[in-house]
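For reference, the structure is listed below as structure tokens.
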Amino acid sequence: MIVRLYKVYCWPYRGSIWSYNDIILLLLTLRSPLAALLAYEKNWLDRVNATVRRSMQQVYIDVEAMADDISILENFEQEHSKDDFARLQHLTKLLVGAQVMAQKITSDFERYEKAVGEAGDKVPTYLSSAPKGKRLEALKTMKDRAESTQARLDEYETWLREKEDVIQQRLDNRISADSNPDEFDNWCSHVAAMDELIGTVKRILAKGEAPNGSSAVEEKRPVGSLAHRIKCLQ
């Protein structure tokens, strides 16, 4: 072990004379950096967990809110890499192998390792072995679906305006639905399909509405948001 420690830490200074006591002293000085690194990691993990808890409790009403949380979680990813965990693991093994506060360091690292495993379920690329169903991936899927729904609503609103003009012209010319029943049935089918989509989205949005009073609900429906547009299409 001492030979390996010498190669790792002292070989760059091989022009100098390093004694056994020098190496032990060097190892002792590594305790503070390790403690600082673990403290930083704990702070990072706490922020990840707090963000994920808030996200899990939130009912998103527009794409922008999802995009904000996706950006936050992606920033967490950029702050760390798999190498961070490997370096801490390597440093811990060196100190434990040299019997430098082995029990405490082992205990601290085990707690950190467990927390990292839990964080890996939420921020995917931090650990390659993390299971599926992570929050970041779920948010991206939700965002894609919301954008798809908004695109369909755009098409539906355009279609409704066009059909309103056509219907008004036919009413002006005293033309009824009986003149073209196939076309009328097609319109009814399209409206029914969109009503089903709107009903589904409304039920999802209702989960985030206050049970009493409409003012809190209206505050959650800024003009242009998915919730506001669904309300206008009721």
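Every letter in the sequence shown is one number past the one before it in my numbering, and letter 55, counting from 1, is 109.
All C-beta atoms in this analysis are idealised placements derived from N, C-alpha and C, irrespective of residue type, glycine included.
N-terminal and C-terminal residue of the alpha helix (DSSP H) that residue 223 is part of: 189-226
Within 7 Å, strictly: CB atoms of residue 105 and residue 126: yes
Residue 226 at chain B interface by Cβ criterion, 7 Å: No chain B appears in this structure, which consists of one protein chain only.
Residue nearest to residue 128 in terms of C-alpha spacing, selected from 225, 113, 101, 220: 101
Sequence-distant residues of its chain with Cβ nearer than 6 Å to residue 66 (five each side left out): Model confidence at residue 66 stands at a pLDDT of 45, short of 50, so the residue's coordinates are unreliable; what they give is reported in the following sentence. Here the set comprises nothing.
Any non-hydrogen atom of the ligand NAD within 6 Å of residue 123 CB: Among the components modelled here there is no ligand, and therefore nothing to report on the ligand NAD.
C-alpha distance - residue 301 paired with residue 196, whole-angstrom precision: For residue 301 there is no data in the structure shown, the boundaries of the chain being 55 and 288.
Nearest candidate by alpha-carbon position, reference residue 95, set 166, 108, 246: 166
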